[in-house]
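Number of protein chains: 2
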Amino acid sequence: MTESNSILIKDTTIISDETKKASILIVDDTIQEISTKLNKNDAEKVIDGTNKITMPGLINTHSHVAMTLLRGVGDDQSLQTWLNEYIWPKEANLNEELVYLGSKLAMAEMIKTGTTTFNDMYFYVEETAKAVDESGIRAVLGYGMIDLFDEEKMKSELKTSEQLIKSCHNTCENRIKVAVAPHAPYTCSEELLVKSKQLATKNDLKLHIHVSETKQEVEDIAKDKKETPFKYLDNIGVLDSNTIAAHGVWTTADEMNIIKEKGVSIAHNPSSNMKLASGIAPIAEYLEKGINVGIGTDGVSSNNNLDMFSEMKLTAFLQKVNLLDPRVLPTKDTFDMATKNGAKALGLNTGIIEEGKLADIILVDTLVPHMTPLRNALSNIIYSSLGTDVDTVICNGNILMENKVLKTINEQEIIQEVNERAFEL
Amino acid sequence: MTESNSILIKDTTIISDETKKASILIVDDTIQEISTKLNKNDAEKVIDGTNKITMPGLINTHSHVAMTLLRGVGDDQSLQTWLNEYIWPKEANLNEELVYLGSKLAMAEMIKTGTTTFNDMYFYVEETAKAVDESGIRAVLGYGMIDLFDEEKMKSELKTSEQLIKSCHNTCENRIKVAVAPHAPYTCSEELLVKSKQLATKNDLKLHIHVSETKQEVEDIAKDKKETPFKYLDNIGVLDSNTIAAHGVWTTADEMNIIKEKGVSIAHNPSSNMKLASGIAPIAEYLEKGINVGIGTDGVSSNNNLDMFSEMKLTAFLQKVNLLDPRVLPTKDTFDMATKNGAKALGLNTGIIEEGKLADIILVDTLVPHMTPLRNALSNIIYSSLGTDVDTVICNGNILMENKVLKTINEQEIIQEVNERAFEL
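From first to last, the protein sequence lines stand for chains S and C.
If you count the first sequence from 1, you need to add 181 to reach the working numbering.
If you count the second sequence from 1, you need to add 181 to reach the working numbering.
Have a look at this one:
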């Protein structure tokens with residue numbers, strides 16, 4: 182990454198809580214000043230913000246980034262066939278080196294499409310952390326614990342999470358936070374879920390879990406626990422404002438009240454929910470109730486990319502058509518989900534361009550046909566832009582991409598390496 | 182455009198009815214040979230197809246291209262507010278020059294994102310034709326006739342269509358076909374619809390019309406005509422294999438049988454149907470019945486771009502989630518809709534890479550993170566790619582873009598001009 186103590190983004194169109202023209206001064210890792218009066222002598226490095234939309238880096242609140250290795254595996258299959266015959270057999274062959282490569286490739290993709298923070302759940306997490314260290318991106322990393330109701334497995338899974346906390350939490354200039362990540366209520370024993378929450382609370386960490394993704398899962402839990410998934414998790418004390426629940430597709434009205442009351446954040450994954458045919462999450466209702474909702478991509482083989490711009494557009498579109506009401510999910514609501522709501526879910530001082538916030542900022546090119554005319558910058562970002570319009574990416578005050586060139590990752594090298602090695606799976 | 186009598190696309194991954202590695206020889210406007218044995222001396226111009234996916238140019242079967250001028254106008258409004266307060270007042274200020282500019286901008290956008298043919302309905306069509314001539318793209322152009330049940334208006338609308346046929350049909354090296362385009366059953370008198378069909382038949386032209394886009398429209402026609410929209414159109418003789426019906430969202434089982442029997446093609450517009458909250462068209466059922474379905478973008482202010490790659494992904498995703506079945510709309514079905522089904526709808530000898538077909542071909546870059554690894558080229562095209570991955574575009578045997586640089590349009594000039602002029606509306 183380009184190391185500069187201070188960066189000035191000069192004369193740009195800023196979209197955040199309001200849209201305005203100004204310059205932004207970054208000192209170290211922080212947004213120090215936003216003003217129309219800054220000039221080029223105020224910083225060591227000056228970026229011309231003319232003809233660019235400058236906005237918070239996007240926050241991907243649910244991912245399994247190393248799954249880039251599985252791009253294109255098992256498309257158009259039923260969920261159980263997809264898992265049993267395609268994904269799980271290949272994941273069984275994963276190793277440290279492959280997870281590192283898949284993670285690094287994902288970071289190249291995320292940075293190129295404007296994501297500066299992601300919330301991940303997977304295996305060999307130290308390898309993903311190594312790629313985070315090198316790439317300069319920000320991440321919340323959890324080890325995906327699955328005990329399948331086996332007590333020995335439960336103990337070893339918790340131990341792996343404890344080790345991860347020690348090795349990675351608050352490392353890489355604080356860019357990495359560790360979360361406790363029990364996979365889901367249907368793959369984890371009650372004891373694992375309870376102990377996960379205790380571990381999270383003891384270390385003041387987020388808890389990241391899949392909840393209510395498919396109808397089948399909801400029916401299974403109803404049979405087994407005589408409860409809806411969120412109610413069950415609430416009964417055993419797992420839900421509070423440190424919980425990030427991925428999906429929340431089949432939530433009942435009672436569950437929504439619990440989610441709201443406990444301050445749980447939802448990570449919505451529209452592409453994954455559509456591609457796997459999981460269902461349409463009641464996002465407009467969540468927002469109406471004041472529930473905090475972020476947006477995620479989920480893993481690449483249920484998407485099949487990590488472009489958060491596509492996810493924003495899909496988030497809005499899917500609610501509109503599902504409710505037959507074009508007025509729901511107006512642009513600002515969608516934008517907030519992908520930025521400041523995501524930061525709130527993850528407990529990070531980012532997701533908004535404001536003095537004192539972490540300098541996680543992206544610049545989007547406007548001089549392309551599909552962003553013309555520029556009547557309304559926010560509208561063009563949500564409905565017209567493509568992830569590849571991102572021109573420059575700053576994370577934690579460091580430039581990770583400038584003029585579409587990655588600074589911290591050798592893009593063609595990682596592409597070539599993954600093309601050669603992914604087939605080992 | 183670069184004029185070459187012969188072009189060789191060498192050593193490439195071709196996706197069409199099957200995926201294979203070969204080279205393609207284009208002579209004049211036609212694909213002359215596809216073989217692994219072609220060598221660089223076989224053509225005047227050689228394009229390196231290594232690390233590229235080569236596929237038919239995409240076919241946008243329903244557009245109003247000059248509406249690029251209205252990008253970002255009236256987002257998130259109810260349909261009637263959107264039309265009455267935003268779109269129609271601005272369209273009232275349209276003139277020849279603005280339609281030319283908006284069309285030219287749209288062609289820059291379409292070529293950059295891999296569209297080589299579009300089927301348009303709008304006003305000042307000769308201006309769009311002028312932009313087609315200059316840009317080298319292929320188009321079916323119709324004047325959008327609306328008489329609002331006024332007899333004088335009906336006559337003048339038909340006259341405008343007749344003039345358009347004379348001035349534009351089969352012009353620009355045959356790249357332009359004219360269609361007869363009565364707007365919709367709820368904006369056109371029965372007499373206009375009948376005479377439109379007569380005009381189309383007399384001149385052997387396609388008839389392009391909006392049908393069954395919104396629930397409201399279906400209810401209005403039920404009240405007025407005591408019929409469903411397709412049944413009404415069939416009763417008055419408008420439907421046959423030369424009819425392209427845009428939308429077809431609220432179609433009944435009886436109507437589907439008529440559509441199938443008469444050989445009508447449907448132009449599906451997933452982004453527009455979602456953004457305007459029109460509804461979810463029964464595409465999987467259409468395909469199951471053997472109905473020919475193409476894909477379109479509709480106008481930019483209900484989308485808000487012209488990226489057919491996004492439309493392909495959305496087409497598949499929307500059917501999967503709506504039917505809660507991830508197996509519907511597998512990749513090849515979606516691909517066919519955007520290519521050869523579109524060509525069939527428009528009656529054009531294109532949409533497939535095959536000897537004897539028109540040379541409308543695009544090359545897509547694979548050496549980008551979101552297209553890595555390249556396990557399955559077709560999957561990466563449908564689910565992973567973004568429109569901006571298109572590297573090279575050939576239409577009618579002419580190179581319109583090479584290495585992402587437009588050859589027939591001064592991109593920055595048209596962007597600047599539209600940014601200055603669009604606000605006149």
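Ideal Cβ positions, reconstructed from N, Cα and C, are used throughout, including at glycine.
All values reported here derive from a predicted model rather than from experimental measurement.
List the DSSP bridge partners of residue i.
{"i": "residue 576 (chain C)", "result": "C:579"}
{"i": "residue 244 (chain C)", "result": "C:301"}
{"i": "residue 237 (chain C)", "result": "C:542"}
{"i": "residue 424 (chain S)", "result": "S:388"}
{"i": "residue 366 (chain S)", "result": "Partner(s): none; residue 366 (chain S) has no beta bridge."}
{"i": "residue 214 (chain S)", "result": "S:206"}
{"i": "residue 401 (chain S)", "result": "Paired residues: none, contrary to the question."}
{"i": "residue 587 (chain S)", "result": "S:582"}
{"i": "residue 358 (chain C)", "result": "C:321"}
{"i": "residue 201 (chain C)", "result": "C:195"}
{"i": "residue 262 (chain C)", "result": "Answer by DSSP bridge pairing: none, since residue 262 (chain C) is not bridged."}
{"i": "residue 571 (chain S)", "result": "S:545"}
{"i": "residue 352 (chain C)", "result": "C:357"}
{"i": "residue 296 (chain S)", "result": "S:239"}
Given a cut-off of 8 angstroms on the beta-carbon distance, is the pair residue i and residue j in contact?
{"i": "residue 450 (chain C)", "j": "residue 478 (chain C)", "result": "yes"}
{"i": "residue 485 (chain C)", "j": "residue 290 (chain C)", "result": "no"}
{"i": "residue 339 (chain S)", "j": "residue 378 (chain S)", "result": "no"}
{"i": "residue 249 (chain C)", "j": "residue 576 (chain C)", "result": "no"}
{"i": "residue 253 (chain C)", "j": "residue 489 (chain C)", "result": "no"}
{"i": "residue 281 (chain C)", "j": "residue 256 (chain S)", "result": "no"}
{"i": "residue 210 (chain S)", "j": "residue 186 (chain S)", "result": "no"}
{"i": "residue 193 (chain C)", "j": "residue 233 (chain C)", "result": "yes"}
{"i": "residue 321 (chain S)", "j": "residue 351 (chain S)", "result": "no"}
{"i": "residue 397 (chain C)", "j": "residue 508 (chain S)", "result": "no"}
{"i": "residue 425 (chain C)", "j": "residue 569 (chain C)", "result": "no"}
{"i": "residue 595 (chain S)", "j": "residue 293 (chain S)", "result": "no"}
{"i": "residue 239 (chain C)", "j": "residue 462 (chain C)", "result": "no"}
{"i": "residue 537 (chain C)", "j": "residue 212 (chain C)", "result": "yes"}
{"i": "residue 459 (chain S)", "j": "residue 428 (chain S)", "result": "yes"}
{"i": "residue 402 (chain C)", "j": "residue 363 (chain C)", "result": "no"}
{"i": "residue 558 (chain C)", "j": "residue 262 (chain C)", "result": "no"}
{"i": "residue 318 (chain C)", "j": "residue 288 (chain C)", "result": "yes"}
{"i": "residue 361 (chain S)", "j": "residue 374 (chain S)", "result": "no"}
{"i": "residue 471 (chain S)", "j": "residue 441 (chain S)", "result": "yes"}
{"i": "residue 394 (chain S)", "j": "residue 335 (chain S)", "result": "no"}
Starting from residue i, trace the beta strand (DSSP E) both ways and give me its first and last residue.
{"i": "residue 192 (chain S)", "result": "187–196"}
{"i": "residue 411 (chain S)", "result": "Segment 410–416 is the alpha helix (DSSP H) holding residue 411 (chain S); no beta strand (DSSP E) there."}
{"i": "residue 546 (chain S)", "result": "542–546"}
{"i": "residue 323 (chain C)", "result": "319–326"}
{"i": "residue 228 (chain C)", "result": "226–229"}
Quick check on the DSSP output: the alpha helix (DSSP H) that includes residue i runs from which residue to which?
{"i": "residue 331 (chain C)", "result": "Segment: none, residue 331 (chain C) is in no alpha helix (DSSP H) and carries neither H nor E."}
{"i": "residue 483 (chain C)", "result": "Counting along the chain, residue 483 (chain C) falls outside any alpha helix (DSSP H), and DSSP gives it neither H nor E."}
{"i": "residue 446 (chain C)", "result": "Here residue 446 (chain C) belongs to no alpha helix (DSSP H); instead the beta strand (DSSP E) covers 446–449."}
{"i": "residue 605 (chain C)", "result": "Careful: residue 605 (chain C) lies outside any alpha helix (DSSP H) and carries neither H nor E."}
{"i": "residue 282 (chain C)", "result": "277–293"}
{"i": "residue 171 (chain S)", "result": "No answer is possible for residue 171 (chain S): it lies beyond the span of chain S, which begins at 182 and ends at 606."}
{"i": "residue 613 (chain C)", "result": "The structure shown does not extend to residue 613 (chain C), since chain C spans only 182 to 606, so no value can be given for it."}
{"i": "residue 523 (chain S)", "result": "521–527"}
{"i": "residue 270 (chain C)", "result": "269–272"}
{"i": "residue 311 (chain S)", "result": "306–316"}
Does at least one heavy atom of the ligand NAD sit under 7 angstroms from the Cβ of residue i?
{"i": "residue 574 (chain S)", "result": "The ligand NAD is absent from the structure shown, which contains no ligand whatsoever."}
Q) Using Cβ-Cβ distances below 8 angstroms, what residues of the region 232–263 of chain S are close to chain C? A) If the cut-off is 8 angstroms between Cβ atoms, the region 232–263 of chain S has 249, 250, 252, 253, 254, 256, 257, 258, 259, 260 and 263 near chain C.
(Q) I'd like the ranges of any alpha helix (DSSP H) spanning at least 4 consecutive residues and lying wholly in the region 452–512 of chain C. (A) Those alpha helix (DSSP H) runs which fall completely within the region 452–512 of chain C and span 4+ residues are 464–469 and 489–504.
Q | Residues from the region 441–474 of chain C in contact with chain S, defined by Cβ distance under 9 angstroms | A | For the region 441–474 of chain C, the set of positions with a beta-carbon nearer than 9 angstroms to some beta-carbon of chain S reads 451, 452, 454, 455, 456, 457, 458, 459, 460 and 461 in chain order.
Q) If contact means a Cβ-Cβ distance below 7 angstroms, which residues of the region 551–583 of chain C contact chain S? A) Cβ proximity to chain S below 7 angstroms picks out 551, 553, 554, 555, 556, 557, 560, 561, 564, 565, 567, 568 and 569 from the region 551–583 of chain C.
Q: Identify each residue in the region 529–550 of chain C for which the Cβ-Cβ distance to at least one residue of chain S is less than 8 angstroms, and report them in chain order.
A: So the list reads 548, 549 and 550, given in the order they occur along the chain.
Q) Got a sec: which bits of the region 585–597 of chain C sit with their beta carbon under 8 angstroms from any beta carbon on chain S, in order along the chain? A) Cβ contacts with chain S come from 592, 593, 595 and 596.
Q. When Cβ atoms are compared, which residues of the region 285–297 of chain S fall closer than 7 angstroms to chain C?
A. For the region 285–297 of chain S, the beta-carbon criterion of a distance under 7 angstroms to any beta-carbon of chain C is satisfied by 286, 289, 290 and 293.
Q: Scan the region 301–332 of chain S for residues whose Cβ lies nearer than 7 angstroms to a Cβ of chain C and list them as they occur along the chain.
A: Among the residues of the region 301–332 of chain S, none has a Cβ less than 7 angstroms away from any Cβ of chain C.
Q: Closer than 9 angstroms, Cβ to Cβ, to anything on chain C: give me those residues from the region 501–518 of chain S, in chain order.
A: Contact residues of the region 501–518 of chain S toward chain C are 501, 502, 503, 504, 505, 506, 507, 508, 509, 510, 511 and 512 (C-beta to C-beta distance below 9 angstroms).
**Q.** Interface residues of the region 409–439 of chain C facing chain S [CB-CB below 9 angstroms]
**A.** Answer in chain order: no residues at all.
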